[in-house]
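Asker: Please see the structure below; I have some questions.
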Amino acid sequence: MTKKDTIKLINNELSKINEKGKKTRTGRFVISALSSIPWVGGVIAASSALHGEKEQGKINSLQKLWLEEHQKKIEDLAMVIYEITEKLNSSGADIDERLESDEYQDLVKKGFKEWDNAETQEKKEYIQKLLTNAAATSITTDDLIRLFIDWIRTYHETHFLVIKEIYKKKGITRGQIWRNLNPTRPREDSVEADLYKLLIRDLSMGGIIRQHRETDYFGNFVKKQTRKPNSGTLKSAFDDEEQYELTELGSQFVHYTMEDVVTQIENK
Numbered sequence: 004m005t006k007k008d009t010i011k012l013i014n015n016e017l018s019k020i021n022e023k024g025k026k027t028r029t030g031r032f033v034i035s036a037l038s039s040i041p042w043v044g045g046v047i048a049a050s051s052a053l054h055g056e057k058e059q060g061k062i063n064s065l066q067k068l069w070l071e072e073h074q075k076k077i078e079d080l081a082m083v084i085y086e087i088t089e090k091l092n093s094s095g096a097d098i099d100e101r102l103e104s105d106e107y108q109d110l111v112k113k114g115f116k117e118w119d120n121a122e123t124q125e126k127k128e129y130i131q132k133l134l135t136n137a138a139a140t141s142i143t144t145d146d147l148i149r150l151f152i153d154w155i156r157t158y159h160e161t162h163f164l165v166i167k168e169i170y171k172k173k174g175i176t177r178g179q180i181w182r183n184l185n186p187t188r189p190r191e192d193s194v195e196a197d198l199y200k201l202l203i204r205d206l207s208m209g210g211i212i213r214q215h216r217e218t219d220y221f222g223n224f225v226k227k228q229t230r231k232p233n234s235g236t237l238k239s240a241f242d243d244e245e246q247y248e249l250t251e252l253g254s255q256f257v258h259y260t261m262e263d264v265v266t267q268i269e270n271k
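Heads up: the sequence shown begins at 4 in our numbering, then just goes up one per residue.
In structure tokens form, the structure reads like this:
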């Protein structure tokens, strides 16, 4: 299906809204998504005006470029809306009440606002998956979903690379993460080492990752034994002793943004 086909489908859904204002669940989703992006209404109106000028031969090259650029953005937006609604409609899960709730529509508005502002395609895909999964499962609260949207905006793609490595192997060390992502190891006093330590610190302070700690029967963290004095140098940025893992909060973030929860529901 092409992007232009998705626009037609979305228009069809909007046309199902009757004179009393009753909305289908897809129609309400579409309205919430479109209303969260300020430029959409202006582009649609301007496109109609420019189309009329084009027919009269009055459109100039700059206007044409402007229209083409925003047409592409509209098509990208329509494709994402279509993919989310199609996934939810085919999930087989009873999610009508969730989709029609004000709480979920608020998430849709916040999510698409950040989707529009996202700098990379990767972040857009995280938000798309998050909104899909937030409709299909209620493992976590809407407050946490909003937090996850904020994390997608705040963190850089390099943060997500580190998260993925820890997700793939619980107990991985900083040295192992670095070797999985980079062919060579820099000096400890290099810019690369400083940046790497910053990434680890950001994620640790943000509550997404932590050093591995043993727990007792009740889930309390057990104090580590005091380490013996080392050679006198500080711990390496690429240390191979301390193991890292996702926090429970970090695990939920990965679950909602990097896994296909809807597919899991379909297969149950």
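Just so it is clear, CB atoms sit at the ideal spot from N, CA and C, and this is done for glycine as well.
For Lys132, which residues in the same chain have their Cβ closer than 6 Å to its Cβ, ignoring the five residues on either side in sequence?
Answerer: As a first step, residue 132 is located in the sequence shown; it is residue number 129 there, counting from the start. Hits under 6 Å: Thr260.
Asker: Keeping to the same chain, check which residues put their C-beta closer than 6 Å to that of Asp263; ignore five residues upstream and five downstream.
Answerer: Looking up residue 263 in the sequence shown gives position 260. Taken in chain order, the list of residues that qualify is empty.
Asker: Along the chain, where does the beta strand (DSSP E) containing Tyr170 start, and where does it finish?
Answerer: Translated into the one-based positions of the sequence shown, residue 170 becomes position 167. Tyr170 -> not in any beta strand (DSSP E); alpha helix (DSSP H) instead, spanning Glu160 to Lys171.
Asker: Do Leu134 and Leu110 have their C-beta atoms within less than 8 Å of each other?
Answerer: Here residue 134 corresponds to residue number 131 of the sequence shown, with the count starting at 1. Here residue 110 corresponds to residue number 107 of the sequence shown, with the count starting at 1. In this structure, Leu110 lies closer than 8 Å to Leu134 by Cβ.
Asker: When burial is assigned at 16 or more other CB atoms within 10 Å of the CB, is Arg31 buried or exposed?
Answerer: Indexing the sequence shown from 1 puts residue 31 at position 28. It is buried - the Cβ of Arg31 has at least 16 other Cβ atoms within 10 Å.
Asker: Using a Cβ-Cβ cutoff of less than 7 Å, which residues in the same chain neighbour Val257 once the five nearest sequence positions on both sides are dropped?
Answerer: Counted from its first residue, the sequence shown places residue 257 at position 254. Result list for Val257: Ile166, Tyr170 and Leu249, in chain order.
Asker: Taking the straight line between their C-alpha atoms, what separation do you get for Ile84 and Leu147?
Answerer: The residue you call residue 84 lines up with position 81 of the sequence shown. The residue you call residue 147 lines up with position 144 of the sequence shown. So the alpha carbons of these two residues sit roughly 22 Å apart.
Asker: Quick check on Glu244: does DSSP put it in helix, strand or coil?
Answerer: For the purposes of this step, residue 244 is taken as the residue at position 241 of the sequence shown. Three-state DSSP puts Glu244 in coil, outside helix and strand.
Asker: Determine the direct distance from the alpha carbon of Pro189 to that of Asp197, and round the result to whole angstroms.
Answerer: As a working mapping, residue 197 is identified with position 194 in the sequence shown. As a working mapping, residue 189 is identified with position 186 in the sequence shown. Rounded to whole angstroms, Asp197 to Pro189 spans 10 Å at the Cα level.
Asker: Can you tell me which of Thr143, Asp192 and Lys200 puts its alpha carbon nearest to the alpha carbon of Trp181?
Answerer: Numbered from its first residue, the sequence shown carries residue 181 at position 178. The candidate whose alpha carbon is nearest that of Trp181 is Lys200.
Asker: How many Å lie between His162 and Ser207 at the Cα?
Answerer: Numbered from its first residue, the sequence shown carries residue 162 at position 159. Numbered from its first residue, the sequence shown carries residue 207 at position 204. One C-alpha to the other measures close to 11 Å.
Asker: Apply the 10 Å Cβ neighbour rule to Gln59 and answer buried if 16 or more other Cβ atoms are within range, or exposed otherwise.
Answerer: Translated into the one-based positions of the sequence shown, residue 59 becomes position 56. Because the pLDDT of Gln59 is 49, which lies under 50, any placement of that residue in the model is unreliable, and the number read from its coordinates should be weighed accordingly. The residue in question, Gln59, is exposed, as its Cβ has fewer than 16 Cβ neighbours within 10 Å.
Asker: Taking C-beta to C-beta, are Glu117 and Ile152 nearer than 8 Å?
Answerer: Within the sequence shown, numbered from 1, the residue matching residue 117 stands at position 114. Within the sequence shown, numbered from 1, the residue matching residue 152 stands at position 149. For Glu117 and Ile152, yes; Cβs fall inside 8 Å.
Asker: Reducing DSSP to helix, strand and coil, say where Ile203 ends up.
Answerer: What you label residue 203 is simply residue 200 of the sequence shown in a count that begins at 1. Residue state, collapsed to three classes: helix.
Asker: Determine the contact status of Arg149 and Ala240, defining contact as a CB-CB distance below 8 Å.
Answerer: As a position in the sequence shown, residue 149 is number 146, starting the count at 1. As a position in the sequence shown, residue 240 is number 237, starting the count at 1. Result no, Cβ atoms of Arg149 and Ala240 do not sit closer than 8 Å.
Asker: Around the C-beta of Asn185, are 16 or more other C-beta atoms found within 10 angstroms, so that it is buried, or is it exposed?
Answerer: On the sequence shown, position 182 is the one that residue 185 refers to. Exposed, by the Cβ-count rule.
Asker: Kindly give me the distance between the Cβ atoms of Ile130 and Ile98, rounded to whole angstroms, as I take these residues to be in contact under 8 Å.
Answerer: Here residue 130 refers to the residue found at position 127 when the sequence shown is read from its first residue. Here residue 98 refers to the residue found at position 95 when the sequence shown is read from its first residue. No, Ile130 and Ile98 are not in contact; Cβ-Cβ is about 19 Å, not under 8 Å.
Asker: If you draw a straight line from the alpha carbon of Glu245 to that of Thr157, how long is it in whole angstroms?
Answerer: Start at 1 with the first residue of the sequence shown, and residue 245 comes out as number 242. Start at 1 with the first residue of the sequence shown, and residue 157 comes out as number 154. For Glu245 and Thr157, the distance between alpha carbons rounds to 26 Å.
Asker: Spatial neighbours of Lys25 within its chain, please: C-beta separation below 8 Å, excluding the five flanking residues on both sides.
Answerer: As a working mapping, residue 25 is identified with position 22 in the sequence shown. Low confidence applies here, because Lys25 scores a pLDDT of 46, under 50, leaving its location unreliable; read the following figure in that light. So the list is empty, once near-sequence residues are dropped.
Asker: Just checking my contact of Thr276 with Thr88 at CB under 8 Å: how many whole Å lie between their CB atoms?
Answerer: A question about residue 276 goes unanswered here, because the residues of the chain that appear run from 4 up to 271.
Asker: Pull up the CB-CB distance for Leu91 and Ala138, whole angstroms please, since I reckon it's below 8 Å.
Answerer: Position 88 of the sequence shown, counted from the first residue, corresponds to residue 91. Position 135 of the sequence shown, counted from the first residue, corresponds to residue 138. That belief holds up - the Cβ atoms of Leu91 and Ala138 are roughly 6 Å apart, short of 8 Å.
Asker: Helix, strand or coil for Arg182, going by three-state DSSP, please let me know.
Answerer: Along the sequence shown, one-based indexing puts residue 182 at 179. Helix.
Asker: What residue from Glu71, Ile77 and Glu191 has the CA that sits closest to Val43's CA?
Answerer: Position 40 of the sequence shown, counted from the start, is the residue given in the question as residue 43. Among Glu71, Ile77 and Glu191, the Cα nearest to that of Val43 is on Ile77.
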